[in-house]
Every structure is written in structure tokens, then in C-alpha cells.
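Please read the structure below before turning to the comments.
In the UniProt record's numbering, the protein residues as written are 1 to 325.
Listed below in C-alpha cells is the structure:
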């Protein structure tokens with residue numbers, strides 16, 4: 001870290017810039033610099049933005065449709081406004097369909113131009129209109145609804161409810177990738193940080209919360225796949241199972257609210273979440289002791305325990321967030 005003395009010249013306040021930094025970034029007399037004052041007292045100085053070059057190009061020649069789809073999601077998630085997929089030998093039908101399907105499933109992404117050997121994809125949503133906080137709340141609603149359907153589908157043997165879970169996963173993944181896109185952009189774009197209206201630590205807290213919620217959705221999917229499968233044996237579920245599932249959803253919701261708004265560290269929420277993890281672990285051990293465990297039950301209880309652990313992680317994140325406020 002370097003320090004500089006502030007000087008007053010007439011009606012102006014002057015501070016010198018480190019010469020090495022100025023030379024490295026091509027700063028010269030008369031050049032305009034971008035100043036970004038932050039609420040925490042920091043002043044970020046940036047050299048005038050210039051074109052960083054061509055958008056990224058990724059060759060997917062010979063790759064499967066699954067790889068093409070994952071490539072599109074990854075390039076979107078890391079915050080690229082525009083990117084190009086290439087295949088010197090041309091795209092096959094499945095590759096084109098995979099790229100188009102991925103774009104359709106992502107907020108604000110579309111195939112702008114296409115040729116025999118190139119697909120150019122561009123984000124068209126207004127970054128200023130995106131709220132990562134609202135995205136987290138939408139993701140919370142989606143994943144907890146998935147979890148509720150999975151649990152009730154499992155207990156009641158209701159395949160219709162279980163099937164809803166898989167259908168809603170695309171929505172959950174889409175919302176998570178919006179949160180990741182916002183977070184990745186703020187790492188390199190101070191103006192994007194200004195548009196979102198939060199500090200970098202706050203944005204990271206919200207992104208980390210979104211990741212934990214996505215994990216809750218994955219556990220819901222895992223539970224839902226058991227419904228109607230050969231892994232399930234017709235036995236009544238222990239009364240605690242549904243109660244613990246309900247508590248895990250309630251605590252997850254409470255922890256998310258604490259991340260977003262609590263000014264006091266939610267230590268009690270952390271303690272309650274940890275106790276729930278212990279209670280579910282004890283249920284799993286009891287089922288083994290009483291020889292009541294099957295493969296399906298083992299998977300379901302294990303997924304429920306992991307869901308409760310995600311609630312712990314979100315609550316612990318809320319403690320950190322509140323201590324920074």
C-alpha cells in the first residue's frame with residue numbers, strides 16, 4: 001500500500017498518482033480517469049475503459065450436445081456479454097439445437113448470428129434492471145417448492161408431485177446462473193457493482209446463498225427420483241421425517257432472510273439448524289439400528305440431512321453478513 005499527501009490548490013483538491021501505476025496503465029497528462037466512490041470510504045480510480053478485444057471464442061468441434069450446452073452455460077455464468085462458438089468443420093444438427101436450447105433456458109441470452117462454422121450468442125437483458133437480491137428470493141421460492149413436492153411425493157407415493165420437481169429444475173438453474181452472472185461481472189466491472197447497488201461483500205453473500213439454494217434444489221431432485229422406483233419399499237415413514245423436512249425448509253427461508261436483511265447476528269438460527277442436522281443424523285442411525293433402512297430410505301434421509309446442512313451454511317453466512325453491516 002502507498003500513501004499520498006492531499007494538497008489544496010485554489011478551489012481544487014490534488015493528490016498525486018504513483019508513477020509506476022500511471023506508466024503501467026498508460027496514464028498521461030490531460031487524460032480522463034474514472035472515479036468510483038464507495039460507501040465504505042474507498043475511492044476506486046480506473047484508467048479510461050477501452051475495448052478489451054474480441055469476445056471469447058470457444059471451439060466445440062466434435063463435442064457432444066451436452067458439452068456444447070455446458071459451454072454456453074459456463075460462458076454466460078462468468079459474465080460475458082457476447083461469445084462465439086466455432087466449429088471449422090461445421091456444426092451438426094444436435095450441436096445447434098443444444099446451443100439454441102441453452103440460450104432459451106438462460107435469462108436474456110439469444111443466438112444473434114449463425115453461420116456454418118460460427119454461432120454468436122449475446123445477452124440482451126438490461127443489467128441495470130437485474131436485482132441479485134430478488135433473484136435469490138425467487139430461487140429460494142423455487143427450490144423450497146421443489147423440496148416440498150419431493151417430500152410429499154415420497155411420503156404419499158404421488159408421482160405427479162415428484163414429476164414437478166424435475167420440471168422446475170430448469171427454472172432453478174436459470175435463476176442461479178443469473179446470480180452467478182451478476183457476481184462474476186462485479187469482479188471486473190465497477191459500474192456493474194454500482195448498478196446492483198450493493199458492496200462486493202454483499203454481492204458475494206447473495207451469490208453464495210444462491211449456490212446453497214441450488215444445492216437444496218439438487219437434493220430435492222434426488223429425493224424425487226425415488227418416487228415410484230424399485231428402491232422404495234412400501235413402509236410408513238417415521239413421523240419425524242416429514243417434520244424434519246418441514247423444519248429444514250422453514251430454517252432455510254429464515255436463514256436467507258437473515259443474509260439479506262438481518263442487522264443482528266442470527267446465532268440462534270445457526271444453533272437451531274445445527275440441532276436439526278443432529279436430529280436427522282440420529283434418525284438415520286436409529287433406522288439402521290432397528291433394521292428399518294432400505295436403499296431408498298438411506299438416500300432420502302441422507303438428502304434431507306444435506307438439505308439441513310445447507311441451511312446451516314446459509315445461517316453462518318448470515319452471521320458474517322450481519323457483522324459487516
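Beta carbons are placed, not taken as given, at the ideal position from N, Cα and C, and that holds for glycine. Owing to the predicted nature of the structure, the values given are computational and were not obtained by experimental measurement.
For the alpha helix (DSSP H) containing residue i, list its first residue and its last residue.
i: residue 187; result: 159–188
i: residue 109; result: Taken as a continuous stretch (DSSP letters only), residue 109 belongs to no alpha helix (DSSP H), being part of the beta strand (DSSP E) at 109–114.
i: residue 300; result: 295–324
i: residue 71; result: 65–77
i: residue 145; result: 132–156
i: residue 258; result: 239–261
i: residue 227; result: Element bounds for residue 227: n/a, residue is neither H nor E.
i: residue 282; result: 267–289
Chain C beta carbons: is any one of them nearer than 7 Å to that of residue i?
i: residue 15; result: The structure shown contains no chain C; it holds only a single protein chain.
So is residue i buried or exposed if we call it buried at 16+ other beta carbons inside 10 Å?
i: residue 317; result: buried
i: residue 303; result: buried
i: residue 325; result: exposed
i: residue 44; result: exposed
i: residue 203; result: buried
i: residue 314; result: buried
i: residue 109; result: buried
i: residue 51; result: Bear in mind that the predicted position of residue 51 carries a pLDDT of just 48, short of 50, making it too unreliable to give a figure here.
i: residue 291; result: exposed
i: residue 217; result: buried
i: residue 270; result: buried
i: residue 223; result: buried
i: residue 278; result: exposed
Just to confirm, is the Cβ distance from residue i to residue j under 7 Å?
i: residue 311; j: residue 255; result: yes
i: residue 146; j: residue 161; result: no
i: residue 72; j: residue 99; result: yes
i: residue 193; j: residue 186; result: yes
i: residue 150; j: residue 117; result: no
i: residue 79; j: residue 206; result: no
i: residue 210; j: residue 179; result: yes
i: residue 322; j: residue 263; result: yes
i: residue 308; j: residue 280; result: yes
i: residue 132; j: residue 213; result: no
i: residue 105; j: residue 170; result: yes
Residue range of the beta strand (DSSP E) that residue i falls in?
i: residue 12; result: 12–14
i: residue 86; result: 82–86
i: residue 7; result: 7–9
i: residue 34; result: 33–37
i: residue 27; result: Taken as a continuous stretch (DSSP letters only), residue 27 belongs to no beta strand (DSSP E), as it is neither H nor E.
i: residue 58; result: 57–59
How close, in whole Å, do the beta carbons of residue i and residue j come, if the pair is a contact with beta carbons under 8 Å?
i: residue 175; j: residue 139; result: 4 Å
i: residue 276; j: residue 244; result: 6 Å
i: residue 83; j: residue 55; result: 5 Å
i: residue 319; j: residue 266; result: 6 Å
i: residue 226; j: residue 154; result: 6 Å
i: residue 142; j: residue 81; result: Between residue 81 and residue 142 the Cβ distance is about 26 Å, and since that is not below 8 Å, they are no contact.
Give the DSSP bridge partners of residue i, in chain order.
i: residue 120; result: 84 and 113
i: residue 43; result: 37
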